[in-house]
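Residue numbers (the UniProt record's numbering), protein chains in the order written: chain A, 1 to 556; chain B, 1 to 556.
Protein chains: 2
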Amino acid sequence: MSDSSVEGTTMSSSLKDPDDDDDFYAGSEDLICKVALPFSDPKFQLYHEIISLGEQIKTLKAEKPMHFKKRIKEEVTKLLQLKQQLGDDGSKKFILKTPKGTRDFNPQKMAIREQVFNLIIASFKRHGAETIDTPVFELKETLTGKYGEDSKLIYDLADQGGELLSLRYDLTVPFARYLAMNKIKNIKRYHIAKVYRRDNPAMTRGRYREFYQCDFDIAGQYDLMIPDAECIKIVAEILDSLELGEFVVKVNHRKILDGLFACCGVPEEKFKTICSAVDKLDKTFWADVKAEMVDEKGLPPEVADMIGVYVQMSGGPELIEALLKDEKLGANKRAAEGLEEMKLLLRYCDLYGILDKVSFDMSLARGLDYYTGVIYEAVLKGHTNEPTSGGEPTGVGSVAGGGRYDNLVGMFDSKGRNVPCVGVSIGVERLFSILEARAQAAKGKTRTTETEVFVASAQKNMVEERMKICKALWDANIKTEQPYKKNQKLLNQLQYCEETGIPLVIVIGETEIQKNVVKIRTVATREEREVSRDDMVEELRTEIRRLGVSGGAAGS
Amino acid sequence: MSDSSVEGTTMSSSLKDPDDDDDFYAGSEDLICKVALPFSDPKFQLYHEIISLGEQIKTLKAEKPMHFKKRIKEEVTKLLQLKQQLGDDGSKKFILKTPKGTRDFNPQKMAIREQVFNLIIASFKRHGAETIDTPVFELKETLTGKYGEDSKLIYDLADQGGELLSLRYDLTVPFARYLAMNKIKNIKRYHIAKVYRRDNPAMTRGRYREFYQCDFDIAGQYDLMIPDAECIKIVAEILDSLELGEFVVKVNHRKILDGLFACCGVPEEKFKTICSAVDKLDKTFWADVKAEMVDEKGLPPEVADMIGVYVQMSGGPELIEALLKDEKLGANKRAAEGLEEMKLLLRYCDLYGILDKVSFDMSLARGLDYYTGVIYEAVLKGHTNEPTSGGEPTGVGSVAGGGRYDNLVGMFDSKGRNVPCVGVSIGVERLFSILEARAQAAKGKTRTTETEVFVASAQKNMVEERMKICKALWDANIKTEQPYKKNQKLLNQLQYCEETGIPLVIVIGETEIQKNVVKIRTVATREEREVSRDDMVEELRTEIRRLGVSGGAAGS
Chain A
1 MSDSSVEGTT MSSSLKDPDD DDDFYAGSED LICKVALPFS DPKFQLYHEI ISLGEQIKTL
61 KAEKPMHFKK RIKEEVTKLL QLKQQLGDDG SKKFILKTPK GTRDFNPQKM AIREQVFNLI
121 IASFKRHGAE TIDTPVFELK ETLTGKYGED SKLIYDLADQ GGELLSLRYD LTVPFARYLA
181 MNKIKNIKRY HIAKVYRRDN PAMTRGRYRE FYQCDFDIAG QYDLMIPDAE CIKIVAEILD
241 SLELGEFVVK VNHRKILDGL FACCGVPEEK FKTICSAVDK LDKTFWADVK AEMVDEKGLP
301 PEVADMIGVY VQMSGGPELI EALLKDEKLG ANKRAAEGLE EMKLLLRYCD LYGILDKVSF
361 DMSLARGLDY YTGVIYEAVL KGHTNEPTSG GEPTGVGSVA GGGRYDNLVG MFDSKGRNVP
421 CVGVSIGVER LFSILEARAQ AAKGKTRTTE TEVFVASAQK NMVEERMKIC KALWDANIKT
481 EQPYKKNQKL LNQLQYCEET GIPLVIVIGE TEIQKNVVKI RTVATREERE VSRDDMVEEL
541 RTEIRRLGVS GGAAGS
Chain B
1 MSDSSVEGTT MSSSLKDPDD DDDFYAGSED LICKVALPFS DPKFQLYHEI ISLGEQIKTL
61 KAEKPMHFKK RIKEEVTKLL QLKQQLGDDG SKKFILKTPK GTRDFNPQKM AIREQVFNLI
121 IASFKRHGAE TIDTPVFELK ETLTGKYGED SKLIYDLADQ GGELLSLRYD LTVPFARYLA
181 MNKIKNIKRY HIAKVYRRDN PAMTRGRYRE FYQCDFDIAG QYDLMIPDAE CIKIVAEILD
241 SLELGEFVVK VNHRKILDGL FACCGVPEEK FKTICSAVDK LDKTFWADVK AEMVDEKGLP
301 PEVADMIGVY VQMSGGPELI EALLKDEKLG ANKRAAEGLE EMKLLLRYCD LYGILDKVSF
361 DMSLARGLDY YTGVIYEAVL KGHTNEPTSG GEPTGVGSVA GGGRYDNLVG MFDSKGRNVP
421 CVGVSIGVER LFSILEARAQ AAKGKTRTTE TEVFVASAQK NMVEERMKIC KALWDANIKT
481 EQPYKKNQKL LNQLQYCEET GIPLVIVIGE TEIQKNVVKI RTVATREERE VSRDDMVEEL
541 RTEIRRLGVS GGAAGS
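Below, the structure is given as structure tokens:
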């Protein structure tokens, strides 16, 4: 079943919170939607009932088996009744939540993000990339005319006097602005930062209004397909290193699409709109795409059918050879150029050892007004966007995409001078979702700290002695914690270590202090041994090495 | 001399760009303020003259010796005349720049940032901290009533339907909101992110409208001064690791200040305003502070004098002992409590080996409506805020600050339940400025990539062979680049390595390919030796280890 059926129920309700649509009870990702009302307010209890019901519904939805469907509907009905009781003024109370479409990241989520970013950045650096950063907002004019219809999704800042500003919508336009402004003719850079879109968030499918983009681009006047192939190599390295299973990088070329449309008889002014119809082929069936082309976009059915024959083709070098000999496509100059470039790209992919992961896919279209050459999109197998039996896309499939955009920088240059660019954007939010789900399924705890040693005391009044030990360990660059309470039961201290995954404990008591020793306890085995205070640091270092305590926050 | 004198000249001019104030020629940090006008536009040349003059002025200002003052004034006059010629409509043209008070970070700056962040994060992790993230904007209501007068500096988003939002002003209020919303009773977290203030930017003094904050906080009901002392230990570790020279962490306590004001006879309703006067003591002379207290804030001169005696005191444990015996201060219950806590704090600092870096300073006040206990501020010696002979503050002095705020979380809780917190914010922007200036002064190149090996070819038509080698090296996790042009002169390839600091080059030519060998060239010594292709990876690994190629982007 689909989540959207349930969301539909409530969203279509006239009871929805005017300020906040469906988010009022769906809450932010952490199920939190609490009210800062005085307890004495008669609305207080009602609010809390509503919130708790909202949380129950969310939990039911997360479980998802079919037999919960009825129960969810019942709960939603109850919720709507309660909201009605609350009346309209309730919506004016201050609600403790994050803005719609945004969420906090707790330490567990941050630990997973850090892992993912580290692997991605390692790959970018392996290929000699630098990094830059740009402001979170740009002059409104900088973004104007770059996103077509999607411009309505741009967040504007309020006019508080001074310049008119907008939050960045992606990292590509600020990059182009940066190149033009600084007259940079070549650079290989990555940029990892948040971007903002006033989209209707489908948070269960990993779409948000604030989300990370993770871009790698090569700008410069270089030889055909050399930078383009390296971008694909990087995507392959990243997906391999994240161990996400099999994937395929679909590639296509704008010239091939243009040539195809031309030789099928699409009028040039319809290239763009037909292209956007083709782009839906990864999410829906050909019959629907054809209907859109014919009924909505006025293409003769035989033209659509001819396009249909080609765009359902995919393959490798042998397909390119065949198409070059194709009497229609091969005869079109633009298509033939594109096919020759594609041939070279696949040749380079072969040299980079990734040809088996690349598929020349004529249905790949990706917003044509932006790209001028190669386009690509990486899709995880087993997470495809293909229509499922129920006709619903499963959502998480495409995990990277990009292409060549040779004309964007010129839009910012006073003389229209271009800097050719090719790049790829890693869909990190989707990767996070997959890895979070995997971490949850594994039920192993994700460590959120890297603490190696906990300094515990077995008796009272030892805080000063613990502090001396902590100082010695910190100064020796050993990651160390101690209780922030002077006197805590030893059992509680050890429990804290087990819960948070701290592998080693220093235990001191009166005897140890008198003998100038400490006990080193290994949490996993509960073994303890005594070492002299003088040897403590060295012994711990050996132990940390032996246990292979990972620097990163790995799953246990 | 002061920058502001020059800025004053232009800011007070009626010719200033209505959209952009003084920034029009001051430009963003990178001196860039280019115009996207067609070259044929008669205004084009004028604009460019203005911009180039603006850049000259900026350069002169950066040099700063007194004898430039006259020249700067002349240039500014010329600039104003040119702007007048341009007339009013000029301001309506699209100017290629970043928003006022913001700037891009080029790879050099990013490399320094990365170094600083890595050291800071290492210290946070050494103390067992987790990290969280929150959205860049919050519900407007979340920020309402938290910043007093500074609320006017909050950036609001435009009302585009839906919730009213504002950009975060700091990381502390979002942290408190996060704790209350998730009912978290204890956490030790760091948060590094950008915050936004519509301040009048003084960019030469390192103040911006978009800037990083770097916060570490310990939340939880713990024993007196244990977390507070650890925050100071962390500040000391960070400043030590950055090798910024000597520093002092000034500490004070809200209870001591309150007690002091009470026993000097300040009426309670004036505590806050008198406190903010005291707070200026690090930037101006006592005489001025006294004048503010007496003339502006209506304090009897003898009360101000009495405060003056105390707030000019600073020292260590011995000062606390003396004040505890002081017949005025020691007799005040609140002050005595504060002094006892301060005594314990210094005792713990002693155990942590940092007492020599801590100074109990009665003039430290830091916005009192926020803090409830200990407050602190770290100041670099030799970069102090103290008035200079010219009476001008030098600006970069305070590099970290924080304190205890036990009541903030309660403002978000429906029942007002508090979570005691203590934390510190590292002034990373100031640290960046210092380290950037140092890098510039050292004239050494800051590496912006970590590339270890460049794959060069000595003859034409070897791109495929280079690609095979690159694949082998990338797969062996060796950071590798090659030219993106098929055929490039060897000299240019080697020059690129020298410029970017790549230490090793693989050189291939026809002979090498035939013999199944490669040449390994050490860039620094220009030595070359031949190794077999089979040994290439191992030989390079050995060489990389031998050269100690730093993973990070260190100065050369």
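Glycine residues also receive a C-beta, built at the ideal position from the N, C-alpha and C atoms. As the structure is a computational prediction, the values presented were derived from the model and not from experiment.
Quick check: is any heavy atom of the ligand NAP less than 7 angstroms from the C-beta of Q488/A? Absence of the ligand NAP is noted for the structure shown, with no ligands found whatsoever.
Looking only at its own chain, which residues have a Cβ that is under 6 angstroms from the Cβ of L408/A, when we skip the five neighbours before and after it? A176
Would you tell me roughly how many angstroms separate the C-alpha atoms of A129/B and D350/A, rounded to the nearest one? 45 angstroms
Can you pull the chain A neighbours of K100/B, defined as C-beta to C-beta under 8 angstroms? G162, E163
Selection from C263/A, R404/A, G259/A, I274/A that minimises the alpha carbon distance to A335/A: G259/A
Report the CB separation of V428/B from C214/B in whole angstroms; it is logged as a contact under 8 angstroms. 5 angstroms
Quick check: K471/B and G353/A, are their CB atoms within less than 8 angstroms of each other? yes
With distances taken Cα to Cα, identify the nearest neighbour of S363/A among L346/A, T273/A, V278/A, P483/A. V278/A
Anything in chain B within Cβ reach of D223/A, meaning under 8 angstroms, just list it in chain order. V463, Y484, K485, K486
Anticipated Cβ contact below 8 angstroms, S425/B with V248/B, distance rounded: Not confirmed; about 17 angstroms, so no contact.
Bridge-paired residues (DSSP) for I188/B: Looking at the sequence shown, residue 188/B is not Ile but Lys. Per DSSP, I218/B.
Indicate whether the contact test is met: 3 or more Cβ pairs, each with one atom in the region 104-120 of chain A and one in the region 445-454 of chain A, closer than 8 angstroms. yes
Chain A contact residues for E269/B, given Cβ-Cβ distances below 7 angstroms: Going along chain A, no residue has its Cβ under 7 angstroms from E269/B, so there is no contact; the nearest lies around 26 angstroms.
Out of E296/A, G316/A, V303/A, which one is the CA nearest neighbour of F261/A? V303/A
Three CB pairs or more closer than 8 angstroms across the region 146-157 of chain B and the region 117-124 of chain A: no
Give the secondary structure of D361/A by DSSP, where H, G and I count as helix, E and B as strand, and everything else as coil. strand
is_contact[T451/B, chain A] using C-beta, thresh 8 angstroms: yes
In this structure, how does DSSP classify G397/A when only helix, strand and coil are distinguished? coil
Out of curiosity, what's the CA-to-CA distance linking L490/B and K272/A? 44 angstroms
Inter-residue Cα distance where the pair is L494/B and I506/B: 10 angstroms
Chain A contacts made by the region 356-385 of chain B, where a contact means CB separation under 7 angstroms: none
Quickly, what does DSSP pair Y376/A with across the bridge? List them, please. V251/A, G402/A
Distance, Cα to Cα, E340/A vs G330/A? 10 angstroms
Does Y371/A come out as helix, strand or coil in the three-state DSSP assignment? coil
Does any residue of chain B have a CB that is nearer than 8 angstroms to the CB of G402/A? no
Any contact of the region 155-165 of chain B with the region 238-248 of chain B, i.e. 3+ C-beta pairs under 8 angstroms? no
Using beta carbons (cut-off 8 angstroms, strictly below), is M110/A in contact with chain B? yes
So, for P420/A: in the same chain, excluding its five sequence neighbours on each side, which residues have a beta-carbon less than 8 angstroms away from its beta-carbon? A219, G220, Q221, Y222, R404, D406
Contact defined as beta carbons within less than 8 angstroms: I believe L345/A pairs with D228/A. What is the distance between those atoms, to the nearest angstrom? 6 angstroms
Determine which residues share a DSSP beta bridge with R521/B and list them. V505/B, E528/B
Whose Cβ in chain A lies nearer than 9 angstroms to the Cβ of L262/B? A quick correction: the sequence has Ala, not Leu, at residue 262/B. Simply none; closest approach about 30 angstroms.
What first and last residue would you give for the alpha helix (DSSP H) that runs through S457/A? No alpha helix (DSSP H) contains S457/A, which is instead part of the beta strand (DSSP E) from 453-457.
Can you tell which of R168/A, F285/A, L242/A, G548/A has its C-alpha closest to the C-alpha of S433/A? L242/A
To the nearest angstrom, report how far apart G397/A and Q312/A are at their CA atoms. 19 angstroms
Under 8 angstroms (Cβ pairs) to chain A, residues found in the region 402-435 of chain B: F412, D413, S414, K415
Residues of chain A with a CB under 7 angstroms from the CB of G353/B: which are they? K471
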